[in-house]
Amino acid sequence: MKFFLFLQVKVKNWVNGTQGTTVVGLSARFGSPLPRTINEAHRTFAALTSPPDLCSNSTSKLTNSIALVARGGCPFTAKAEFAQAAGAAGLVIINDDEELYKMVCGDNDTSLNVTIPVVMVPHSAGKNLKDLLDHGARVEMQLYSPNRPVVDLSACFLWLMAVGTIVCASLWSEFVACEQIDEHYNQLTRQPGPNSGTNNTQDKEILEITAKGAGVFVIVASVFLLLLFYFMSSWVAWLLIVLFCIGGIEGMHVCLVTIISRINKDWGNNTVQLPFYGEVLALSVGIVPFCTVFAILWAVYRHSSFAWIGQDILGICLMITVLQMARLPNIRVASALLSAAFVYDIFWVFISPLIFHESVMIAVASGDSSGEAIPMLLRIPRFFDPWGGYDMIGFGDIIFPGLLVAFSYRFDRAGKKGILNGYFLWLTVGYAVGLFLTYLALFLMDGHGQPALLYLVPCTLGVIVVLGWIRGELPHLWNYGRRPENSVGEV
Numbered sequence: 001m002k003f004f005l006f007l008q009v010k011v012k013n014w015v016n017g018t019q020g021t022t023v024v025g026l027s028a029r030f031g032s033p034l035p036r037t038i039n040e041a042h043r044t045f046a047a048l049t050s051p052p053d054l055c056s057n058s059t060s061k062l063t064n065s066i067a068l069v070a071r072g073g074c075p076f077t078a079k080a081e082f083a084q085a086a087g088a089a090g091l092v093i094i095n096d097d098e099e100l101y102k103m104v105c106g107d108n109d110t111s112l113n114v115t116i117p118v119v120m121v122p123h124s125a126g127k128n129l130k131d132l133l134d135h136g137a138r139v140e141m142q143l144y145s146p147n148r149p150v151v152d153l154s155a156c157f158l159w160l161m162a163v164g165t166i167v168c169a170s171l172w173s174e175f176v177a178c179e180q181i182d183e184h185y186n187q188l189t190r191q192p193g194p195n196s197g198t199n200n201t202q203d204k205e206i207l208e209i210t211a212k213g214a215g216v217f218v219i220v221a222s223v224f225l226l227l228l229f230y231f232m233s234s235w236v237a238w239l240l241i242v243l244f245c246i247g248g249i250e251g252m253h254v255c256l257v258t259i260i261s262r263i264n265k266d267w268g269n270n271t272v273q274l275p276f277y278g279e280v281l282a283l284s285v286g287i288v289p290f291c292t293v294f295a296i297l298w299a300v301y302r303h304s305s306f307a308w309i310g311q312d313i314l315g316i317c318l319m320i321t322v323l324q325m326a327r328l329p330n331i332r333v334a335s336a337l338l339s340a341a342f343v344y345d346i347f348w349v350f351i352s353p354l355i356f357h358e359s360v361m362i363a364v365a366s367g368d369s370s371g372e373a374i375p376m377l378l379r380i381p382r383f384f385d386p387w388g389g390y391d392m393i394g395f396g397d398i399i400f401p402g403l404l405v406a407f408s409y410r411f412d413r414a415g416k417k418g419i420l421n422g423y424f425l426w427l428t429v430g431y432a433v434g435l436f437l438t439y440l441a442l443f444l445m446d447g448h449g450q451p452a453l454l455y456l457v458p459c460t461l462g463v464i465v466v467l468g469w470i471r472g473e474l475p476h477l478w479n480y481g482r483r484p485e486n487s488v489g490e491v
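Dropping the structure here:
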């Protein structure tokens, strides 16, 4: 008897000649292998059995049909033997719930000789097909298990998006924002008014992260994750969507105003007077409606096939803005923050199933309890995967390492370091390698969720620590940027 790996199976079905929704099932470890392409699979009529669980010889005709039976009453192998003896071309077992059970042989099945494919389907999908057959409908099935591509090109695009976001955020103030923002800021401060800023307004907008803030992050993030895990509902999901839209509007607004002002300096000089706000850029006022409509349209059509484009645009703009506002002062704080995030990610992905019987992080990210996935991630469809789905990366997997990469660029710039003897290039490469290792682990673990920071933190924080130690600059990196209290905002 040959044994096979458990494979996902596509169960295409037609009801009275009309194609229905394709069901995803799981093959047994025994029986014949399934076709790998739809062209090799045969469209076959389905039939109910008598008895319904097929734990004895079937009294109904099954010749060249796919037998649809209920789980339970006897071993899977017994059902398969009775179906084969009745002339069935295949066996589809309806599970008791939505999870798919791995069907294996028993200890006494050494002489089993099943030569038909055996597949299990979720309860709801199987019951729907059974009810149709009970009411006299003509149901046809087609079973096949297509191969996944070895190289997931969608993951490559997502990899480029994540790395590009960090590089863009790190270089933003140098090549895009600095000149125009400073120029307009100086222009406004020369025109004092009741609502005009002071010389340290820009500094107050920068949040300098502290070591204490890193500890607070772990506690607050863990409590928030547990609240989402236990109380996630449609209204909570909508609250997260609204917050994401607000952040996305702000991020897109900042990015568009900055880029357009850089391209056309005249547009960056025209101002208008607004109540409560004082003097602001006319361009800024004009872009707000566009950003707002963009976010609202994404929220309305977020379940459409193209919604990922809007979500990624809003998310990238939001992260670029966050990486401009929040900064790491030195490696001491970076070590505290990234180490805390490292432990946090591993615990809630790998260790939480031992306590909560499932991965809390994966359950919340996929929206298991509410059916609504949280929007705080970048995603891209698997265009070349016959199984479909999305490749995703959370904002935290970009922002936390991104804070360190952005710090390395500021450190290099302040020390007038070159590309090769600086840190920015090597940390960017380290992040790219760490993200590649994440996807490699995801592939090797057959798609099981991975804590990305498990790979990203050693490849970024580890790189700068080792390089700093080799170059004798680690003490300077460790204590860099120590400023007097209240010089900038702290978090």
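Numbering (the UniProt record's numbering), first residue to last: 1 to 491. Using N, Cα and C, we set each Cβ at its ideal position, and we do this for glycine too.
Backbone secondary structure at F45 - three-state DSSP | strand
Return the residue from the list L338, I259 and A414 that minimises the CA-CA distance to I320.
-> I259
Measure the C-alpha to C-alpha separation of T22 and G388 and round it to an integer number of angstroms.
-> 12 Å
For G472, three-class secondary structure by DSSP | coil
Indicate whether the contact test is met: 3 or more Cβ pairs, each with one atom in the segment 300 to 316 and one in the segment 375 to 390, closer than 8 Å.
-> yes
Do V257 and I287 come within 8 Å of each other at the CB atom, strictly closer than that value?
-> yes
Starting from S27, follow its DSSP beta bridges and name the residues at the other end.
-> V119
Verify whether the separation of the beta carbon atoms of I249 and L323 is less than 8 Å.
-> no
Using the rule of at least 16 other Cβ atoms within 10 Å of the residue's Cβ for burial, across every protein chain shown, is T18 buried or exposed?
-> exposed
Tell me, please, whether the segment 43 to 55 touches the segment 73 to 85 by the rule of three or more beta-carbon pairs shorter than 8 Å.
-> yes
Environment of K204 [buried if 16+ CB atoms lie within 10 Å] | In this predicted model, K204 has a pLDDT of only 48, less than 50, meaning its place in the structure is not dependable enough to derive any value.
Beta-carbon separation of residue 492 and F229 under 8 Å?
-> The question about residue 492 has no answer here: the residues shown for the chain are numbered 1 through 491.
Taking 8 Å as the threshold, find out whether the segment 331 to 346 comes into contact with the segment 452 to 466 through three or more Cβ pairs.
-> yes
Do you know how far the Cα of P275 is from the Cα of W469?
-> 54 Å
Would you kindly work out how many angstroms separate the C-alpha atoms of P386 and R43, rounded to a whole number?
-> 19 Å
Near F157, what residues of its chain come up, given a Cβ to Cβ distance below 7 Å and the 5 sequence neighbours on each side ignored?
-> I380
Cβ neighbours of G481 in the same chain (closer than 7 Å, five flanking residues each side left out) = P329 and N330
Could you give the residue range of the beta strand (DSSP E) that holds D391?
-> Y390 to G394
Give the straight-line distance between the Cα atoms of G462 and V429, rounded to the nearest whole angstrom.
-> 12 Å
Residue closest to E98, alpha-carbon to alpha-carbon, out of T77, A80 and P122 = P122
Indicate the three-state DSSP secondary structure (helix, strand or coil) for W14 in the structure shown.
-> strand
Within 10 angstroms of its Cβ, does T198 collect 16 or more other Cβ (buried), or is it exposed?
-> Because the pLDDT of T198 is 40, which lies under 50, any placement of that residue in the model is unreliable, and the number read from its coordinates should be weighed accordingly. Exposed: under 16 other Cβ atoms inside 10 Å.
In whole angstroms, what is the alpha-carbon distance linking V333 and V218?
-> 14 Å
A28 versus V104 - alpha carbon distance | 6 Å
Quick one: what does DSSP say R71 is sitting in, helix, strand or coil?
-> coil
Given a cut-off of 8 Å, decide if A41 and Q142 are closer than it, judged by their beta-carbon atoms.
-> yes
Of all the alpha helix (DSSP H) runs that stay within the bounds of the segment 227 to 283, which reach a length of 4 or more residues?
-> 234 to 263
Taking just the CA atoms, how far does G418 sit from H476?
-> 17 Å
DSSP state of G90, grouped into three classes?
-> strand
How many Å lie between A406 and L427 at the Cα?
-> 9 Å
Three-state secondary structure (DSSP) of M319 | helix
Below 8 Å, can you find three or more Cβ-Cβ pairs linking the segment 161 to 171 to the segment 125 to 143?
-> no
Closest Cα partner of G449 within the set A414, W298, F350 and K12 = F350
Using three-state DSSP, classify P381 as helix, strand or coil.
-> strand
Segments of 3+ residues assigned as beta strand (DSSP E) that fall wholly inside the segment 130 to 177 | 139 to 144
Nearest to V360 by CA position, among A46, V300 and V223, is which residue?
-> V223
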